[in-house]
Amino acid sequence: MIRISSITEISEKTDLRPGRARPQIRFFKFDMRLKSILEQIYPLHRTLASGGTDEALRIVSDHMPAEAGFEIETYAPGTPVWTWQVPERYIVHEAYLETEDGRRVADFADNPLHLVSYSIPVDGTLTWDELEPHLFYNAERPGAVPWVFKYYDRGWGFCLSKDVFDRLDRSARYRAVIRSEFVDDPGFRVGVGVVHPEGGPDPAAGELIVAAHICHPMQANDDASGVVSAIELARRLAADPLPAGSMSVRFLFCPETIGSIAYLAHHEDLIPRLKGGIFFEMTGNRNRIARHRTRQGDHLLDRVAAHVLRYTYHEVRDFAAHPANDERVVNGPGVDAPCISLNRWPYPEYHTSDDNPTIIHEDMLAEAAEVAERVIRIYGTDYVPRRTFKGPVFLSGHGLWVDWREDWELNRAVEKIMMSFEGNRTVFEIAETVGLDYWTVRNYVEKFREKGFVKVFPVPGNTYIG
């Protein structure tokens, strides 16, 4: 596991456009910067299940904090997982398209994107009319090779730049060779780690799940960037744990959609404990952040995220608006833990060979982690206080009075706060009502808790129905 060399905070303000300030970003100094980790993951042939995906998970394991206890789980292909099944592994020995005289037009060895992901084996000579339906290009980026996949619709094809496609001789014949295999061993893999609060897990508090997908060959922003932002978030929470009694944070690195389905199908006992989730993707390009709402639309998690981003130039989208991914699993039928998504989509390089490390920026990767961290530090520590007292508390007699000369705003709010302990509002909701900072209110409520004047109940869970 990577060793934290120091935990130095450096504040830096950056603007995306004139007059639009963003929250300060805290850069934690670790042994390796995020973009360097991304550059290790980026070139790997990462599909739903492949040697490249295994290697990417190994790299994640190297950089997750030791406190997370990162493990890789393996599931047998063909295993039913709800309405899906665990997919086979994909091995490509070689794949190329060439003219009859041996001139290579596209070669998997040069770039995995030249092959449509999960293409079936092929070896034949074809006319142009036979070949053309199996060729793919991106007309909007004529110099780039697109990424095309057929994970669940078995077929085959090659991807070319539009410039190369246009130059191909329509009267010639072409040889298409794909030597690929679909195998069961050693299985389909996902990576999981959990960062607990101080003192260890609190079953009553439950868990948050943070997910990023590990698949997509030769794509830097989609979603190697989300992977490294999640690693950064895990390192921050391990270096500065949430206070005792807070939620644990579970990190899931898996192939898109099927990975989280397979994981939760194998761990259905976890579902009732889930209090929320964050899905990370496309976090590294120079774009504003987009926040996708939960399926509930106005959940406490939505309001916390809106609060964190209130001074940030960002976009708000509906649940499962494009691009929609694993939040549809975490917040979907039968699970329904409220889940937001953070991304910087759209960007012009999307699903092409232009989605490479040149468009990735360290401060953007860190900012996404920073936003998620702030959300988690509020939502993950929130609770519902319920009074044990009758009548107004004798504040000065119990050391709970706030001197107006030291904190005028809190002094003005203490009566409203004290009258809010009816067990129907969380600390965050109370803070919103009185217009004070969450941590100011929470620290004050904690004093009532220490005196035994309030009992603490966890934030409401999901709407799971088994």
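For the record, in the sequence shown the residue sitting at position 151 is 174 according to this note's numbering, with numbers rising by one throughout. Note that beta-carbon positions come from the ideal geometry of N, C-alpha and C, so glycine has one too. If you're wondering where the values come from, they're calculated on a predicted model, not measured in any experiment.
Q | Boundaries of the beta strand (DSSP E) in which Lys298 is found, first to last residue | A | Counting along the chain, Lys298 sits inside the beta strand (DSSP E) bounded by residues 297-303.
Q) If you run the structure through DSSP and keep just helix, strand and coil, what is Trp427? A) In this structure, Trp427 counts as coil in the three-state DSSP scheme.
Q. Counting along the chain, where does the alpha helix (DSSP H) carrying Leu388 start and finish?
A. Segment 385-402, the alpha helix (DSSP H) holding Leu388.
Q: Take Ser252 and list the residues in its own chain whose beta-carbon comes closer than 6 Å to its own, dropping the five residues that flank it on each side.
A: Same-chain partners within the cutoff: Phe303, Thr306, Leu388, Ala391, Ala392.
(Q) Looking at Phe211: is its Cβ nearer than 8 Å to the Cβ of Ala285? (A) Yes; because the gap between Cβ atoms is below 8 Å, this pair is in contact.
Q: Would you kindly work out how many angstroms separate the C-alpha atoms of Glu121 and Val394, rounded to a whole number?
A: Approximately 48 Å, taken between the alpha carbons.
Q. Quick one, are the C-beta atoms of Gly357 and Leu231 less than 8 Å apart?
A. The criterion of a C-beta distance shorter than 8 Å is not satisfied by Gly357 and Leu231.
Q: With Ala262 as the anchor, note down where its alpha helix (DSSP H) starts and where it stops.
A: 248-262 is the span of the alpha helix (DSSP H), which, as asked, contains Ala262.
Q) For Phe276, which residues does DSSP report across the bridge? A) Note: Phe276 sits in a beta bridge opposite Gly214, Ala235.
Q. Distance, Cα to Cα, Phe480 vs Asp321?
A. Phe480 and Asp321: Cα-Cα distance of roughly 21 Å.
**Q.** DSSP state of Arg333 mapped onto helix, strand, coil
**A.** Correct three-state label for Arg333: coil.
**Q.** With 16 other Cβ atoms within 10 Å as the buried cut-off, status of Glu204
**A.** For Glu204, the number of other beta carbons within 10 angstroms of its own is below 16, and it is reported as exposed.
**Q.** Local conformation of Lys173 per DSSP, three classes
**A.** Judged by DSSP in its simplified three-state form, Lys173 adopts coil rather than helix or strand.
**Q.** Segment limits, beta strand (DSSP E) that includes Thr148
**A.** Here the beta strand (DSSP E) through Thr148 covers 145-149.
**Q.** Where the beta strand (DSSP E) through Asp192 begins and ends
**A.** Where Asp192 is concerned, there is no enclosing beta strand (DSSP E), given that its DSSP letter is neither H nor E.
Q) What is the DSSP secondary structure of Lys413, counted as helix, strand or coil? A) Three-state DSSP puts Lys413 in coil, outside helix and strand.
Q) What residue range is occupied by the uninterrupted beta strand (DSSP E) comprising Thr97? A) Membership of Thr97 in the beta strand (DSSP E) is indicated by the continuous run 94-98.
**Q.** Cβ distance (whole Å) where Ile401 is taken to contact Phe451 below 8 Å
**A.** Indeed they touch by this definition, with Cβ atoms about 6 Å apart.
Q: Please classify Met87: is it buried, with 16 or more other beta-carbons within 10 angstroms of its beta-carbon, or exposed?
A: By the 16-neighbour rule on beta-carbons within 10 angstroms, Met87 is buried.
Q: Determine the burial state of Trp170: buried for a count of at least 16 other Cβ atoms within 10 Å of its Cβ, exposed for fewer.
A: A residue is called buried when at least 16 other Cβ atoms come within 10 angstroms of its Cβ; Trp170 meets this threshold and is buried.
Q.
Quick check on DSSP: helix, strand or coil for Val104?
A. Three-state result, Val104: strand.
(Q) I need the DSSP call for Tyr373, collapsed to helix, strand or coil. (A) In the three-state reduction of the DSSP assignment, Tyr373 falls in the coil class.
Q: Note down the Cα distance separating Tyr113 from Val482, rounded to an integer number of angstroms.
A: A straight line joining the alpha-carbon of Tyr113 with that of Val482 spans about 43 Å.
Q | Distance between Asp192 and Leu154 (C-alpha atoms, nearest Å) | A | Leu154 and Asp192: Cα-Cα distance of roughly 12 Å.
Q) From what residue to what residue does the alpha helix (DSSP H) around Ile60 run? A) Run containing Ile60: 57-64, per the alpha helix (DSSP H) assignment.
Q: Report the rounded CA-to-CA distance for Glu396 versus Thr97, giving the unit in angstroms.
A: Those two C-alpha atoms are separated by around 29 Å.
Q. Got a sec: is the Cβ-Cβ distance from Ser271 to anything in chain C below 8 Å?
A. Going by chain labels, chain C is absent from the structure shown, which holds only one protein chain.
Q: Ignore the nearest five residues each way along the sequence and tell me which others in Gly299's own chain have a CB closer than 7 Å to its CB.
A: If we look at Gly299 and ignore the five residues flanking it on each side, its Cβ neighbours are Leu231, Leu324, Ala360, Pro361, Cys362, Tyr402.
Q: Using alpha carbons as the reference points, say which of Val477, Ile383, Ser73, Leu67 lies closest to Ala207.
A: With the sequence shown as reference, residue 207 is identified as Asp, and Ala is not the correct amino acid for it. Per the Cα distances, Ser73.
Q. Leu120 lies in the beta strand (DSSP E); which residues open and close that run?
A. Start and end: 112-122.
Q: Taking only the alpha-carbon atoms, compute the straight-line gap between Gln242 and Ile82 and give it to the nearest angstrom.
A: About 16 Å.
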